[in-house]
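One structure is given below, encoded as structure tokens.
Number of protein chains: 2
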Amino acid sequence: MIKEDKKEIILNHAERLFSENGYDGASTRAIAKDAGVNMAMLNYYFGSKEGLYKAVFVRKFSGFHESLLQIISCPFSSWEKITRYVDIYADRIVKHNCFHRLMTYELSIQQRSDMTNIIVDHLLKNINIGKSIIEEGIKEGVFRKVDPEMTIATIFGSMYYVVHLKNITSALLDVDMHNPEVVINDIKPRIKKHLAALLEAHLKV
Amino acid sequence: MIKEDKKEIILNHAERLFSENGYDGASTRAIAKDAGVNMAMLNYYFGSKEGLYKAVFVRKFSGFHESLLQIISCPFSSWEKITRYVDIYADRIVKHNCFHRLMTYELSIQQRSDMTNIIVDHLLKNINIGKSIIEEGIKEGVFRKVDPEMTIATIFGSMYYVVHLKNITSALLDVDMHNPEVVINDIKPRIKKHLAALLEAHLKV
DNA sequence: TACAATTAATCAATCGATTGATTAATTGTA
DNA sequence: TACAATTAATCAATCGATTGATTAATTGTA
Numbered sequence: 722m723i724k725e726d727k728k729e730i731i732l733n734h735a736e737r738l739f740s741e742n743g744y745d746g747a748s749t750r751a752i753a754k755d756a757g758v759n760m761a762m763l764n765y766y767f768g769s770k771e772g773l774y775k776a777v778f779v780r781k782f783s784g785f786h787e788s789l790l791q792i793i794s795c796p797f798s799s800w801e802k803i804t805r806y807v808d809i810y811a812d813r814i815v816k817h818n819c820f821h822r823l824m825t826y827e828l829s830i831q832q833r834s835d836m837t838n839i840i841v842d843h844l845l846k847n848i849n850i851g852k853s854i855i856e857e858g859i860k861e862g863v864f865r866k867v868d869p870e871m872t873i874a875t876i877f878g879s880m881y882y883v884v885h886l887k888n889i890t891s892a893l894l895d896v897d898m899h900n901p902e903v904v905i906n907d908i909k910p911r912i913k914k915h916l917a918a919l920l921e922a923h924l925k926v
Numbered sequence: 722m723i724k725e726d727k728k729e730i731i732l733n734h735a736e737r738l739f740s741e742n743g744y745d746g747a748s749t750r751a752i753a754k755d756a757g758v759n760m761a762m763l764n765y766y767f768g769s770k771e772g773l774y775k776a777v778f779v780r781k782f783s784g785f786h787e788s789l790l791q792i793i794s795c796p797f798s799s800w801e802k803i804t805r806y807v808d809i810y811a812d813r814i815v816k817h818n819c820f821h822r823l824m825t826y827e828l829s830i831q832q833r834s835d836m837t838n839i840i841v842d843h844l845l846k847n848i849n850i851g852k853s854i855i856e857e858g859i860k861e862g863v864f865r866k867v868d869p870e871m872t873i874a875t876i877f878g879s880m881y882y883v884v885h886l887k888n889i890t891s892a893l894l895d896v897d898m899h900n901p902e903v904v905i906n907d908i909k910p911r912i913k914k915h916l917a918a919l920l921e922a923h924l925k926v
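From first to last, the protein sequence lines are chains A and B.
Position one of the first sequence corresponds to residue 722 (our numbering), numbered consecutively onward.
Position one of the second sequence corresponds to residue 722 (our numbering), numbered consecutively onward.
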């Protein structure tokens, strides 16, 4: 119980510092100090810095795939499914934007290959759900014959661009993207609205 | 002459190692060894590691904005302008994908604030050209009343997603994104085609 | 008491940066 | 033109600081 709490505390602070400074930029000393624990505790609980890094990812990966699977099992139309898919993912990326930033950073540099594989395996499962929805709509004749994979890239690319490059979008959208309230109340609905309009024009026959 | 060559060599290797390993992951020793120079040369030419880092960016920033400005000064239609804009940027991002990866990484972690400002200033100028093209088209009545800023995010987000997250797109598109020929001959045209179709459905009245 | 949890101290390795010295190239001058 | 003076380029060696990790000792708890 106490043990679990300490581990969770360490994981929370590690997640923030890793995503703010990168893997190499976040020293174990800084993480330990930030979490208010002795730095030997990191190795005691997670074995090594890389072990801690992996634990940050693995923790976040549990459960989300299942919640996505619910969409395609429900009797929605393909259009309803894809909009729900986008909305759920937008909520997720905005809520855990630090973590998603860390994830895309780790993907962009293929340094720790086993770490990369873990992330790719997880992401692909979730991405393929969206892809299957689009392909289903095409097969049913309710979607145009678009490029499903590239459409997926557009969906995620748009969301990542707005949420991750805060310095750019703050200036571009003339808002403070570092203010969570602004992002949740103003930007997230704007992303959803834009993607819905974009996909409607792009997909609907 | 010889002096310039050495500086260029160092900058080339620094650019690659920085983009592969991140700022903290690329040690000055590794860069010097990779470039085949004594590590004292880095400080001799660039003052410090951060000086070298800045020099990598500043070198790439010269000239590109001017080539983009040519588009809006030509007597093209708004539709022609935006497709040319996208194509030019797609070429650019694919050709210098290592550098663009480094740039987005540096933007996502706001650690070296002066470095961030340099990048934001440069990018905003180029982004606003695209934005002005879209707004012009809307004003002329040839484009629908879309969200111009979000449309920009979609354009760049789509390109970045495909080009930067090679491990994901390799699996998603079933190609080897680490093979430059594949990217140039197969993926780049596919991105352009997709974005053209997407923007046509999205923008054209 | 037995064992998990936690601590301070310490380790070797590596980091970015600087040093003094040397070499090669350029400039100035008689 | 000949040679001294100056500068730029390059080197091996070393600096203090920081890194991730480990150790032995201590504390807490069931």
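Heads up, the beta-carbon is just placed ideally off N, CA and C, and yes, glycines get one too.
Alpha-carbon spacing of E741(B) relative to L823(B), whole angstroms: 8 Å
Chain B within 7 Å of E827(A), Cβ atoms only: no
Minimum Cβ-Cβ distance from Y882(A) to chain B less than 7 Å: yes
Cross-strand partners of K925(A) (DSSP beta bridge): F864(A)
Chain B contacts from the segment 873-900 of chain A (Cβ-Cβ distance under 8 Å): I873, A874, T875, F877, G878, S879, M880, Y881, Y882, V883, H885, L886, K887, N888, I889, T890, A892, L893 and L894
Residue closest to L939(A), alpha-carbon to alpha-carbon, out of D895(A), L738(A) and S799(A): There is no way to answer for residue 939(A), as the model of chain A reaches only from 722 to 926.
Neighbouring residues, chain A, relative to V841(B) (Cβ below 8 Å): N888, I889 and A892
Sufficient close CB pairs (3 or more, under 8 Å) joining the segment 866-883 of chain B to the segment 875-886 of chain A: yes
Whether P869(A) touches E856(A) by CB criterion (7 Å): yes
The segment 825-832 of chain A touching the segment 905-925 of chain A, judged by at least three CB pairs closer than 8 Å: no
Amino acids of chain A, ordered along the chain, whose beta-carbon sits closer than 7 Å to that of A922(B): A922 and H923
Beta carbon proximity, E861(A) to chain B, threshold 7 Å: no
The alpha helix (DSSP H) enclosing N733(B), as first and last residue numbers: I723 to G746
Three-state class that DSSP yields for Q819(B) in the structure shown: Residue identity check: residue 819(B) is Cys in the sequence provided, not Gln. C819(B): helix per DSSP, three-state reduction.
Among M762(A), I839(A) and A892(A), nearest to K947(A) - alpha-carbon criterion: Residue 947(A) is absent from the structure shown; chain A starts at 722 and stops at 926.
Whole-Å CB distance - F785(A) paired with R750(A), under 8 Å assumed: Not a contact, Cβ separation roughly 32 Å.
Given A892(B) as reference, the closest of V863(A), I908(A), R865(A) and N849(A) once Cα atoms are compared: N849(A)
Within-7 Å CB hit, L919(A) to chain B: yes
Cutoff 8 Å; reference Y806(A); Cβ partners in own chain excluding five residues on either side: L789, I792, I850, G851 and I854
Cα-Cα separation, N818(A) to Y774(B): 26 Å
Minimum Cβ-Cβ distance from I723(A) to chain B less than 7 Å: The pLDDT assigned to I723(A) is 41, lower than 50, so where the model puts this residue is not dependable; a value taken from the coordinates is nonetheless given after this. By this cut-off, I723(A) is not an interface position.
CB contact flag (V731(A), A811(A), <7 Å): Going by the sequence as given, residue 731(A) is Ile instead of Val. No, the pair does not count as a contact, with Cβ atoms beyond the cut-off.
S748(B) Cβ short of 6 Å to the ligand MG heavy atom set: The ligand content of the structure shown is nil, which means the ligand MG is not present either.
Selected residue, minimal CA-CA separation from K846(A), among F797(A), F820(A) and E787(A): E787(A)
Cβ-Cβ distance between Y881(B) and G878(A) below 7 Å: yes
M871(A) at chain B interface by Cβ criterion, 7 Å: yes
G743(A) beta carbon less than 7 Å from that of G768(B): no
Short-range partners of chain A found in the segment 780-804 of chain B, where Cβ spacing is below 9 Å: none
Three-state secondary structure assigned by DSSP to G757(B): coil
G743(B) at chain A interface by Cβ criterion, 7 Å: yes
Classification of V779(A) by the beta-carbon crowding that lies within 10 angstroms, buried from 16 upward: exposed
Backbone CA spacing between T837(A) and K728(A) [nearest angstrom]: 23 Å
Exposed unless 16 or more other CB atoms sit within 10 angstroms - verdict on A756(A): buried
Minimum C-alpha distance to K914(A) - residue among H821(A), A776(A), T804(A) and K816(A): T804(A)
Outcome for I905(A) when other beta-carbon atoms lying within 10 angstroms are tallied against a minimum of 16: exposed
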